[in-house]
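Residue numbers (the working numbering), protein chains in the order written: chain A, 3 to 65; chain B, 13 to 212.
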């Protein structure tokens, strides 16, 4: 089985990991309360989706 | 029939998945709406809808088939009132009649964000108990058909009164179209000739 001959340097490890990037989610505007929300998901601010209300969707700063 | 699920089972094994889905279905028919992960909701949806279809059929065989999935046999009082009865009884006698007008699509899944602990996507799966509203397309089609029938009646009356004139008009139209066809042919020839000259 092929195995690495040398320990990988911190520099190389970090250079590789520098390419691991997160992307921001795209947001839409809630038609009910005008706050930003993810599309196809009930609004976390007012809980509305397609004219129906979902209390389960409500999120505060800390939850 | 819904597409069979591919990939790993929920909970790690076929038997465990069956148990999970049976428990989810029981809770759904008990409460009318439940919050669970999106993956579980999506797996539950076809099972729950099949059970409702069986409940709408309502015979003994259907009741036995549903009872083999929903095994919660403890009778209970709903909202703390009336006689105690089981979830299967509730499904057959309370939920199924409400879906008499609806042809499938008995449940609805709505995404409600992510869970704090593991960032899992959560969803609410609920029974669609609103009255059935006719689809816009169907309404439009019906209105179109009504208009067409009115027009046809009017046209029939006109034909009765002025059949001869209509025939004359049709003949004229045919001649005109023939002339048009000739002219287009001539134009096409000219175009080809022009193209030839361009090449030269």
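For every residue, glycine included, the Cβ atom is placed at its ideal position computed from N, Cα and C. Computed from a predicted model, the values in this text were never measured in an experiment.
Contacts that residue i makes with chain A (C-beta to C-beta distance below 7 Å)
i: residue 85 of chain B; result: Ordered by position in chain A, no residue passes the 7 Å Cβ test against residue 85 of chain B, which lies about 29 Å from the chain.
i: residue 136 of chain B; result: 56, 58
Endpoints, the alpha helix (DSSP H) within which residue i is located
i: residue 59 of chain B; result: 50–69
i: residue 34 of chain B; result: 26–43
i: residue 72 of chain B; result: 72–79
i: residue 41 of chain A; result: No alpha helix (DSSP H) holds residue 41 of chain A; DSSP gives it neither H nor E.
i: residue 99 of chain B; result: 99–102
i: residue 15 of chain A; result: 12–19
Host beta strand (DSSP E) of residue i (start-end)
i: residue 140 of chain B; result: Element bounds for residue 140 of chain B: n/a, residue is neither H nor E.
i: residue 120 of chain B; result: 119–126
i: residue 31 of chain A; result: 29–31
is_contact[residue i, chain B] using C-beta, thresh 8 Å
i: residue 43 of chain A; result: yes
i: residue 61 of chain A; result: yes
i: residue 46 of chain A; result: yes
Cutoff 8 Å: residue i Cβ touching any chain A Cβ
i: residue 123 of chain B; result: yes
C-alpha gap between residue i and residue j, whole angstroms
i: residue 112 of chain B; j: residue 36 of chain B; result: 23 Å
i: residue 102 of chain B; j: residue 64 of chain B; result: 11 Å
i: residue 86 of chain B; j: residue 93 of chain B; result: 16 Å
i: residue 27 of chain A; j: residue 14 of chain A; result: 29 Å
i: residue 90 of chain B; j: residue 96 of chain B; result: 7 Å
i: residue 147 of chain B; j: residue 29 of chain A; result: 30 Å
i: residue 69 of chain B; j: residue 167 of chain B; result: 47 Å
i: residue 52 of chain B; j: residue 155 of chain B; result: 41 Å
i: residue 145 of chain B; j: residue 108 of chain B; result: 18 Å
Whole-Å CB distance - residue i paired with residue j, under 8 Å assumed
i: residue 137 of chain B; j: residue 40 of chain B; result: 6 Å
i: residue 50 of chain B; j: residue 123 of chain B; result: 6 Å
i: residue 119 of chain B; j: residue 60 of chain B; result: 5 Å
Distance cut-off 7 Å: residue i Cβ against heavy atoms of the ligand NAP
i: residue 36 of chain A; result: Among the ligands in the structure shown, none appear at all, so the ligand NAP cannot be discussed.
Under 8 Å by beta carbon: chain A residues contacting residue i
i: residue 47 of chain B; result: 58
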